[in-house]
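Asks:
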C-alpha cells in the first residue's frame with residue numbers, strides 16, 4: 001500500500017448553526033468522492049447521523065469522521081478527513097474536540113437565514129484553533145436566498161473575507177464540486193514528522209459491543225502501527241494495538257496511520273472512562289515528554305433527578321445509565337433517594353437539550369418510564385465557619401443560619417433576532433433578571449448581549465424565546481462567573497408535609513410568583529380526599545402562598561326529615577371531628593402526573 005504524501009492530506013471540520021445544512025453537505029461530499037455508492041445512499045438522508053434520535057429530530061449530536069479520496073483538477077490524489085460537527089450549544093464540546101484535530105473549517109451559512117448566534121460561537125472556536133476558514137453559502141436555490149447580503153453579513157459580523165465564498169445547494173448538489181476544489185486549494189495540509197516518536201491526540205472514544213472501546217485518533221508525529229504498544233499519557237495506562245483503520249464511513253482496516261491522518265484504533269480497552277478525550281497517546285517504549293494541549297473536559301451545567309415511575313425498574317435504570325455513560329463521557333450520575341419518588345439518580349448534563357436527549361434515549365433504548373425533577377444548577381455556598389460547599393440539589397441545603405452567602409452561576413448570552421421581535425426579547429431577558437451589555441445591528445437583525453443568571457435560563461428560557469420571536473431568534477451562551485445573590489429555598493408543603501421533589505432555590509423577588517403558580521397547579525392536580533388538604537409554598541417557616549383542596553363529603557343529615565335541628569347539628573359535629581382526625585392521620589396520595597406537570601410550571 002503506497003502512503004499518500006502529507007502535503008496531499010486535508011483535515012477539515014464543517015461548522016454551522018443548527019439546520020444550516022452541515023450533514024446534508026457531508027452527504028454530498030461523500031457521494032461525489034465515491035465514499036458510498038448511490039445504492040448505499042438511497043433512501044438515507046444524513047448518512048453520518050447514525051442515532052435514531054439524530055434522524056428524527058434532524059440534528060447532529062455526536063461529531064462523526066469520514067475519510068474520502070478525491071482526484072483534483074491538477075490530477076493529484078488527495079485524502080480528505082471530514083468531521084461533521086453538531087450545531088447546538090449543548091454539544092459545543094463535541095465541536096471543540098473535532099476542531100482540535102483539523103487545520104481548516106468549512107463555514108456553512110444558510111443564504112436565506114444569514115449569520116446566527118451559533119454560527120458565531122462555532123467560528124470563534126475555529127479561529128481559536130488557528131483554522132483557515134472557507135465560507136460556504138448553502139441553500140442559494142431557495143427563493144428567499146440573498147447571497148450578496150449574507151456575504152456582507154459574514155464580513156461585518158465575523159470579520160472574515162467572504163468575497164470568494166462558495167455558492168452551493170447541498171440538497172441538489174449544485175456547487176459541491178467547487179467546495180471540493182476549494183478544500184484542495186484553500187485549506188492547508190497538516191504538518192508532522194514521520195520519523196519522530198509517535199504522538200497522537202485522542203479525539204473521541206465510544207463503546208462497540210464486538211470490539212470493546214474504539215478510539216478515534218489524530219496522528220501528529222510518527223506512525224501508529226498494528227501490534228504496537230502504546231501509552232495514554234493522561235491515565236498512564238499501556239495497551240497493545242489490535243486494529244488500526246479509518247472510516248469511509250464503513251470501517252476499513254490498514255497496517256498503519258501516518259502523521260496528519262485521522263483514524264481509529266482498538267486495543268482491548270474495557271471502559272470508555274479509561275480513554276480520556278484530549279489525552280496524548282505515545283509509544284510505550286520511547287515515550288515523549290511533552291503532552292499535547294488537549295482540551296477542557298466537559299463540565300456539567302444542569303443537574304436534575306431521574307426516578308423510575310415503577311420502583312421495580314431501579315436496577316434496569318442503573319444498568320441503562322452505566323451503558324449510556326460508556327458512550328457519553330459528559331454525562332455524570334450518582335444515586336439519590338427521595339421520600340416522594342423513591343430511589344433514583346442525580347444526573348449532570350451540559351444543558352437542557354442534552355438532558356432531553358438522555359431522557360429520551362433511556363425511555364427508548366431501555367424501555368424505561370421516568371420522572372425528572374426540576375432542573376437546577378450548581379450553587380456555591382459560603383458558610384459562616386469559612387467553608388465553601390457546592391450544592392446541586394436544593395434538598396441538601398444547610399440551615400439558613402449557617403450560610404454567610406450564596407453564589408449562583410451567570411452566563412453571557414448572545415441573541416440574534418429580527419427587529420420586530422426585539423422588544424419582547426428584551427422584556428423576556430429583563431424579566432429573567434438580565435443585564436443588557438450591548439445591542440448592535442446586523443442588517444435588519446438585532447444582536448443583543450445579555451448577562452443572565454443560569455438558573456433563570458435552564459428552566460424554560462429557550463422555549464419562551466422561541467415563542468416570543470415566533471421561532472426566529474437564535475441563542476448561544478457561555479458561563480462567565482459566579483455572583484452573590486439573594487436566593488431562598490422554597491418548599492411546597494402538602495398537608496403540612498414538605499415534598500422534597502418540588503423544593504427549589506429561587507431569587508427572593510421571584511419566590512412569591514413562582515410559589516403561587518406551583519400551589520395553583522398542585523391544587524388542580526391532587527384529587528380530593530375525604531378530608532381537606534392545604535397546599536402551601538413556604539420559605540423557612542413563612543408561608544407565602546396557599547390553596548386548599550376541598551374535601552369529599554357525605555351528606556350525613558340526609559336521613560333526618562324535619563324534626564329537631566339539634567339532631568342534625570350533632571351529626572355534623574360528629575362528622576367534623578372525624579374529618580379532623582382523618583386529616584391528622586390521613587396520607588395524601590399525590591399522583592405521578594402531578595409531579596411531572598408541576599415541574600413544567602412556568603412562572
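Numbering (the UniProt record's numbering), first residue to last: 1 to 603.
For every residue, glycine included, the Cβ atom is placed at its ideal position computed from N, Cα and C.
Does the Cβ-Cβ distance between residue 244 and residue 263 come in under 8 Å?
Replies: Yes, these two residues count as a Cβ contact at 8 Å.
Asks: Pull up the CB-CB distance for residue 26 and residue 14, whole angstroms please, since I reckon it's below 8 Å.
Replies: That pair is a contact at about 6 Å.
Asks: Report yes or no: do three or more beta-carbon pairs, one from the region 392-407 and one from the region 481-498, lie closer than 8 Å?
Replies: Because the criterion of three Cβ pairs below 8 Å is met, the region 392-407 and the region 481-498 touch.
Asks: What are the boundary residues of the beta strand (DSSP E) that residue 205 is part of?
Replies: 199-208 is the span of the beta strand (DSSP E), which, as asked, contains residue 205.
Asks: Assign residue 348 to one of three DSSP states: helix, strand, or coil.
Replies: Reduced to three states, the DSSP call for residue 348 is strand.
Asks: Please list, in chain order, all residues of the same chain as residue 81 whose beta carbon is under 6 Å from its beta carbon, the five residues on each side excluded.
Replies: The residues are 11, 67 and 262.
Asks: Runs of 3 residues minimum, wholly inside the region 107-157: which ones carry the beta strand (DSSP E) assignment?
Replies: With a minimum length of 3 residues, the continuous beta strand (DSSP E) runs that stay inside the region 107-157 are 132-138.
Asks: Put residue 438 into one of helix, strand or coil per three-state DSSP.
Replies: If DSSP states are grouped into helix, strand and coil, residue 438 belongs with the strands.
Asks: Are the beta-carbon atoms of residue 407 and residue 450 separated by less than 8 Å?
Replies: Cβ distance not < 8 Å, so residue 407 and residue 450 don't count as in contact.
Asks: State the Cα-Cα distance for the pair residue 433 and residue 199, rounded to the nearest angstrom.
Replies: For residue 433 and residue 199, the distance between alpha carbons rounds to 48 Å.
Asks: If I measure Cβ to Cβ from residue 153 and keep anything under 7 Å in the same chain, skipping five residues before and after, which residues do I get?
Replies: So the list reads 114, 115, 442 and 443, once near-sequence residues are dropped.
Asks: Can you give me the C-alpha to C-alpha distance between residue 8 and residue 78, rounded to a whole angstrom?
Replies: The straight-line gap from Cα to Cα measures roughly 5 Å.
Asks: For residue 221, name the three-state secondary structure that DSSP assigns.
Replies: In this structure, residue 221 counts as strand in the three-state DSSP scheme.
Asks: Leaving out the 5 sequence neighbours to the left and right, which residues in its chain are closer than 6 Å to residue 306 when beta-carbon positions are compared?
Replies: Result list for residue 306: 344, 345, 347, 370 and 372, in chain order.
Asks: Pair every Cβ in the region 349-369 with every Cβ in the region 309-328, then say whether three or more of these pairs are closer than 8 Å.
Replies: Flag = yes, the region 349-369 and the region 309-328 touch.
Asks: Please go through the same chain and pick out, in chain order, the residues whose beta-carbon is closer than 7 Å to the beta-carbon of residue 321, but skip the five residues on each side of it.
Replies: Answer for residue 321: 333 and 345, listed in chain order.
Asks: Taking the alpha-carbon positions, what's the residue 72 to residue 180 distance?
Replies: Those two C-alpha atoms are separated by around 8 Å.
Asks: Give the DSSP-derived three-state secondary structure of residue 269 in the structure shown.
Replies: In this structure, residue 269 counts as coil in the three-state DSSP scheme.
Asks: For residue 280, which residues does DSSP report across the bridge?
Replies: Note: residue 280 sits in a beta bridge opposite 201.
Asks: Find out if the Cβ-Cβ distance for the pair residue 303, residue 331 is shorter than 8 Å.
Replies: No. Outside cutoff.
Asks: Whose C-beta lies closer than 6 Å to the C-beta of residue 134 among residues of the same chain, with five residues either side of it excluded?
Replies: Closer than 6 Å at Cβ, skipping near neighbours: 106, 182 and 186.
Asks: Cβ of residue 536 within 8 Å of Cβ of residue 519?
Replies: Yes.
Asks: For residue 454 versus residue 410, is the C-beta spacing smaller than 8 Å?
Replies: Result yes, Cβ atoms of residue 454 and residue 410 sit closer than 8 Å.
Asks: Would you call the region 383-395 and the region 418-432 in contact, with 3 or more CB pairs under 8 Å?
Replies: These segments do not touch.
Asks: Could you tell me the alpha carbon to alpha carbon distance between residue 132 and residue 99, rounded to whole angstroms?
Replies: One C-alpha to the other measures close to 11 Å.
Asks: Can you check which of these residues, 169, 558, 355 and 212, is closest to residue 143 by C-alpha distance?
Replies: Comparing Cα positions, the closest option is 169.
Asks: Give me whichever residues DSSP pairs with residue 212 in a beta bridge.
Replies: Paired residues: 208.
Asks: Thinking residue 256 and residue 225 are a contact (beta carbons under 8 Å), I'd like their distance in whole angstroms, please.
Replies: About 4 Å separates the two Cβ atoms, so the contact holds.
Asks: With a threshold of 16 other CB atoms inside 10 Å of the CB of residue 23, please say whether the residue is buried or exposed.
Replies: Counting Cβ neighbours within 10 Å, residue 23 comes out buried, since at least 16 surround it.
Asks: In the DSSP assignment, find the unbroken beta strand (DSSP E) run with residue 491 in it and report its ends.
Replies: Counting along the chain, the beta strand (DSSP E) containing residue 491 begins and ends at 487-494.
Asks: What three-state label does DSSP hand residue 96 in the structure shown?
Replies: Three-state DSSP puts residue 96 in a helix.
Asks: Whole angstroms are fine: how far does the CA of residue 145 sit from the CA of residue 172?
Replies: Rounded to whole angstroms, residue 172 to residue 145 spans 15 Å at the Cα level.
Asks: Looking at the structure shown, is residue 257 part of a helix, part of a strand, or coil, going by DSSP?
Replies: Residue state, collapsed to three classes: strand.
Asks: Within 8 Å, do at least three Cβ pairs link the region 465-483 to the region 500-518?
Replies: Contact fails: fewer than three Cβ-Cβ distances are below 8 Å.
Asks: My output table needs one value for residue 557: the three-state DSSP class, helix, strand or coil.
Replies: In the structure shown, residue 557 sits in coil (DSSP, three-state: anything other than H, G, I, E or B).
Asks: Identify whether residue 104 lies in helix, strand or coil by the three-state DSSP scheme.
Replies: Looking at residue 104 - three-state DSSP - the assignment turns out to be strand.
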